[in-house]
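What follows is a short report on a single structure.
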Amino acid sequence: MEQKIQELRAAAQAEISGAADLKELDGVRVKFLGKKGELTSLLRGMNQVSAEDRPKIGKVVNEARAEIEKLIADKNSALKAAALQNKLASEKIDVTLPGRKVHCGHLHPLTLTLNRIKEIFIQMGYSVEEGPEVETDYFNFEALNLPKDHPARDMQDSFYITEEILLRTQTSPVQARTMQKNTGNAPIRMIAPGRVYRRDDFDASHSPMFHQVEGLVVDRGVTFGDLIGTLDFFCKQMFGENTNIRLRPSFFPFTSVSTECDCSCPICHGRDSNCKVCHGAGWLEILGAGEVHPKVLEMSGYSPSVVSGFAFGMGVERIAMIKYGIDDLRLFFENDLRFLNQF
Ligand code: PHE
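In case it helps, my numbering puts the sequence shown at residues 12 to 354.
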């Protein structure tokens, strides 16, 4: 009997250590320690053991049982630990891997430029006005001292919708609208950004739709000097402190002393004859401006003997091209991400 127990013990030991997983181990436990298990049936045979040997054999059986139980418990925790290790290894993540990039959109270069223009004038106390893109002939031309059949209407090829209605060719109608809204009250200090339309080709420097920012100041004692100071300040804010302006005489029907304003090339400062922005000229035309024509003031309810004013109109695309060194206007409208992502 004793020998049998020792054999059983050895067999159990071998099977326990050979168990590959928890299920197998449980099978081993049932086989040896279960109700119908081998050790249990051995115990049942105890009645055949002589009373004298019984305590001794009983002790051996109990020891064997305790040992098998302990082996099973140890193996159980070893298998569980191994399973956990496996799980951890298979679920391992490399926290040093770079994350997946979230693609975040951003503002269009024209919007960036327009925002900056607004910022510069708002800090000088200008309000921001709006006017309709589908405009009347009256506001687009007549109220700006361009009566019907005025030859200067040819300066801007227009998209007419009816005889009296067209797509505005400039933001200047917002000058007249703002003056009429203010019914003769000064001061006015406003800018008016927006889209304008002209029957132009679509090429590197033209587009049938583009953006302008109009400016208008009306008050007592406004001089041409105020206009120069304003334009100079604007250029320095927009393109950098070392930018200068240059004025050339020009003509607009709605300004009485009219000028075209250039700024010094902020890319090459006139030093590069191959500069792709100024092409070596060193100067870039950025806007038209002038003193508000007395007739324009009068037509919109202001007395030129009491107030005076200045106005200017700039192209946003042009300003953006200079600011970012872009040589083809079409890039703004093609929505090519290779271009847009650079801003
Ligand atoms: N409206 C003019 C243009 O589109 C620009 C301008 C505005 C000129 C205001 C003078 C004063 O060319």
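Note that CB positions come from ideal geometry on N, CA and C, so glycine has one too.
By the C-beta density criterion, A322 is buried, having at least 16 other C-beta atoms within 10 angstroms.
Judged by DSSP secondary structure, F321 falls within the beta strand (DSSP E) whose first and last residues are S319 to G326.
Relative to the ligand PHE, F263 has its C-beta within less than 6 Å of a heavy atom. About 5 Å separates the CB atoms of I256 and C274; that is less than 8 Å, so the two are in contact.
By the C-beta criterion, the segment 314-328 is judged to be in contact with the segment 186-205, since at least 3 inter-stretch pairs fall below 8 Å. DSSP places E345 inside the alpha helix (DSSP H), whose first and last residues are L342 to E345. DSSP places M310 in the helix class (H, G or I) of the three-state scheme.
The beta carbon of E140 sits closer than 6 Å to the beta carbons of V185, T189, M201 and A203 from its chain, once the five residues preceding and following it are set aside; these are given in chain order. DSSP places C246 in the helix class (H, G or I) of the three-state scheme.
DSSP lists M220 as the bridge partner or partners of Y208.
Cβ neighbours of I68 within its own chain (closer than 6 Å, five residues either side excluded): M12 and V60.
Taking C-beta atoms as the reference points, R209 and D168 count as a pair closer than 7 Å. Below 8 Å, too few C-beta pairs join the segment 108-124 and the segment 146-159 to call them touching: fewer than three. Boundaries of the alpha helix (DSSP H) around T122: P120 to I133. For L298, the enclosing beta strand (DSSP E) starts and ends at W294 to V303. A distance criterion of 6 Å places the beta-carbon of T266 in contact range of the ligand PHE, judged by its closest non-hydrogen atom.
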